[in-house]
Amino acid sequence: MLLNGFNHVAILTADTDRFVAFYREVFEAEVAGEQLMGDEGRLTLVKIGDDVEIDLLEVIGNLEPQRQTPMQTSS
Numbered sequence: 476m477l478l479n480g481f482n483h484v485a486i487l488t489a490d491t492d493r494f495v496a497f498y499r500e501v502f503e504a505e506v507a508g509e510q511l512m513g514d515e516g517r518l519t520l521v522k523i524g525d526d527v528e529i530d531l532l533e534v535i536g537n538l539e540p541q542r543q544t545p546m547q548t549s550s
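Residues 476 to 550, numbered by the numbering used here, are exactly what the sequence shown covers, in order.
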């Protein structure tokens, strides 16, 4: 996978566990750390390569993920 050119990317999600499971299965990613943000949600750092990670934010009450169209849906 081409990862040169960036160190990290921040992504909002409504389902951290699903996101992590997908990236773990497809890209052999690993969780490098996790921090609860009180009543606001959680931050999960997903390592996807040498010195490259996805900063995954699950924010309680964030409705933006509901507005998005999934790239792939199960039948």
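Glycine residues also receive a C-beta, built at the ideal position from the N, C-alpha and C atoms.
Item	Value
DSSP three-state assignment for A496, whether helix, strand or coil	helix
Beta carbon of V506 nearer than 9 Å to that of T519	yes
Span separating the alpha-carbon of D530 from that of H483	7 Å
Contact under 9 Å by Cβ, A489 with E533	yes
Simplified DSSP state of D530, which is helix, strand or coil	strand
Unbroken alpha helix (DSSP H) run spanning Q541, endpoints	539 to 542
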